[in-house]
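Enquirer:
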Amino acid sequence: QVTLSYYADASNLRLDVENGNIDVAHRSLAPTDIAALSQNDAVTVHEGPGGEIRYMVFNFNTQPFGDAQPDADPVKAQAVRQAIAASIDRQEIATDIYQDTFTPLWSHIPDGLPGAGQQFKELYGDGNGMPDPEQATQRLADAGVETPVSLAIQYSPDHYGPSSGDEYARVKSQLEATGLFTVDLQSTEWVQYAQDRTQDVYPIHQLGWFPDYSDADNYLTPFFIRDNFLVNHYDNPEVQELIQQQLVEPDQAVREERFTQIQDLVAVDIPTLPLLQGKQIAVAGADVEGVNLDPSFKFRFGSLSK
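Counting from 4, one number per residue, gives the positions in the sequence shown under my numbering.
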């Protein structure tokens with residue numbers, strides 16, 4: 004028999020783990036809680052490959068130089084996105100904010116799935132995963148963008164865990180440290196946030212994704228078809244055609260080629276900026292067996308015993 008309980012507050016979840024009131028805690032624990040519990044001999048912290056991703060969304064109408072702006076210029080708009088991509092230090096965020104419960108995400112398909120790549124490491128920054136302010140400066144200069152560029156970035160303080168505020172404060176500091184951007188960082192509770200993000204309210208904003216199923220397509224089709232759930236006005240017919248091709252392609256090797264082609268294109272366009280990939284983490288009592296965190300990204304209750 005398995006009894007499920009849901010917690011609105013991560014600190015209460017940690018307290019019940021420490022007091023032995025629950026046998027397994029899956030997801031929702033704060034990174035600092037996981038770090039502390041890993042030192043507790045009464046519990047075991049289990050890790051597995053994770054399908055959760057975190058990313059920023061660019062609204063192609065309302066971002067700087069977006070299509071609906073008085074100074075609309077697609078070349079400048081793209082340069083702004085690319086300069087931002089060259090300025091973010093993912094590893095610093097993963098380590099300092101998330102205690103390495105997240106890892107840097109370098110493509111839209113996360114590591115562990117066929118088709119995962121390194122497009123954002125190869126195209127932006129120093130080529131080794133670190134930011135490159137000089138590259139960011141050059142991208143803006145080549146497009147004729149005057150600096151500093153004013154950015155309005157929105158995040159939700161409640162939907163993606165208690166560390167979102169620290170994460171986006173770090174994003175703001177990294178961007179402003181280049182001298183190329185000034186950032187107006189604002190937060191909105193999820194109920195309102197979920198409505199606003201589809202109504203062109205936020206030029207740049209935070210989102211995360213838990214896969215519906217363990218297949219690379221689930222990280223492409225929902226995001227990059229014309230009428231995607233992001234509602235960010237991204238429309239690339241070549242990407243859409245490749246998506247349709249991979250959906251019906253029976254040859255896995257050819258399908259993976261399509262995944263790479265899609266990601267190569269969107270890494271240049273940057274409708275979304277991949278930031279982090281979360282590990283699957285479960286904390287279980289030392290007497291609990293059968294915790295299985297596998298690439299299906301589904302928690303398996305049937306294997307649990309004590």
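The C-beta atom is built at its ideal place from N, Cα and C for all residues, glycine as well.
Inspect the beta-carbon positions of Asp215 and Trp193 and report whether they are closer than 8 Å.
Expert: Taking 8 Å as the Cβ cut-off, Asp215 and Trp193 do not qualify as a contacting pair.
Enquirer: Between Ser299 and the rest of its own chain, which residues show a CB-CB distance below 6 Å, the 5 nearest in sequence each way excluded?
Expert: Closer than 6 Å at Cβ, skipping near neighbours: Ser217.
Enquirer: Put Val148 into one of helix, strand or coil per three-state DSSP.
Expert: The answer is coil: DSSP assigns Val148 none of H, G, I, E or B.
Enquirer: Is DSSP giving Trp212 helix, strand or coil here?
Expert: Three-state DSSP puts Trp212 in a strand.
Enquirer: So, at 7 Å on beta carbons, what are the nonlocal neighbours of Ala71 in its own chain, with the 5 sequence-adjacent residues on each side left out?
Expert: Within the same chain, Ala71 has close Cβ partners Asn64, Thr65.
Enquirer: If you run the structure through DSSP and keep just helix, strand and coil, what is Tyr1?
Expert: Shown here, the chain extends from 4 to 309; a query on residue 1 therefore has no answer.
Enquirer: Leaving out five residues on either side along the sequence, give the residues of the same chain with a beta carbon under 6 Å from the beta carbon of Gln189.
Expert: The answer, listed in chain order, is Gln157.
Enquirer: Using a Cβ distance threshold of 8 Å, determine whether the segment 242-252 contacts the segment 94-101, with at least three qualifying pairs required.
Expert: At 8 Å Cβ cutoff, the stretches do not touch.
Enquirer: Once the 5 residues before and after Asp3 are set aside, which same chain residues still bring their CB inside 7 Å of it?
Expert: The structure shown does not extend to residue 3, since the chain spans only 4 to 309, so no value can be given for it.
Enquirer: Using only alpha-carbon positions, find the residue among Gln122, Ala28, Tyr196, Gln209 that is nearest to Ala268.
Expert: Just to set this straight, residue 268 is Leu in the shown sequence, not Ala. Out of Gln122, Ala28, Tyr196, Gln209, Gln122 has the C-alpha closest to the C-alpha of Leu268.
Enquirer: Just verifying my parser: in three-state terms, what is the DSSP assignment at Glu292?
Expert: Strand at Glu292.
Enquirer: Exposed or buried, which one is Ala45 when buried takes at least 16 other CB atoms within 10 Å?
Expert: Flag for Ala45 reads exposed.
Enquirer: To the nearest angstrom, how far is the alpha carbon of Asp19 from that of Thr35?
Expert: Whole-angstrom Cα-Cα distance: 16 Å.
Enquirer: Starting from the Cα of Glu325, find the closest Cα among Pro253, Lys301, Gly147, Gly118 and give me that residue.
Expert: Missing from the structure shown is residue 325; the chain here goes from 4 to 309 and no further.
Enquirer: Which residues does DSSP pair with Val185 in a beta bridge?
Expert: Reading off the sequence, residue 185 comes out as Thr, not Val. Paired residue(s): Ser153.
Enquirer: When DSSP labels each residue in this structure, what does Ala285 get in the three-state scheme?
Expert: Reduced to three states, the DSSP call for Ala285 is strand.
Enquirer: Nearest to Gly288 by alpha carbon, out of Phe105, Ala13, His29?
Expert: Comparing Cα-Cα distances from Gly288 to each of Phe105, Ala13, His29, the minimum goes to His29.
Enquirer: Within the same chain, show all residues whose beta-carbon is closer than 7 Å to that of Phe68, passing over the 5 residues directly before and after it, in chain order.
Expert: Contacts found: Asp74, Ala75, Asp76, Lys79, Ala80, Val83.
Enquirer: For Glu149 and Gln247, what's the separation of their Cα atoms in angstroms?
Expert: Their backbone Cα atoms lie some 39 Å apart in a straight line.
Enquirer: Whose C-alpha, out of Asp26, Thr275, Ser153, is nearest the C-alpha of Ser110?
Expert: That would be Thr275, whose Cα lies nearest to the Cα of Ser110.
Enquirer: Please name the residue, chosen from Phe105, Asn235, Phe304, Ala285, that lies closest to Ile273 on a Cα-to-Cα basis.
Expert: The option with the nearest alpha carbon to Ile273 is Asn235.
Enquirer: Checking the sheet assignment: what are the DSSP bridge partners for Gly51?
Expert: In DSSP, Gly51 forms a bridge with Gln283.
Enquirer: For Ser153, count neighbouring Cβ atoms within 10 angstroms of its own Cβ and tell me buried if that reaches 16, exposed if not.
Expert: Flag for Ser153 reads exposed.
Enquirer: Buried or exposed: which applies to Ala86, given that a residue is buried once 16 or more other Cβ atoms fall within 10 Å of its Cβ?
Expert: Flag for Ala86 reads buried.
Enquirer: Helix, strand or coil: how does DSSP classify Gln196 here?
Expert: Reading off the sequence shown, one finds Tyr at residue 196, where the question assumed Gln. Correct three-state label for Tyr196: helix.
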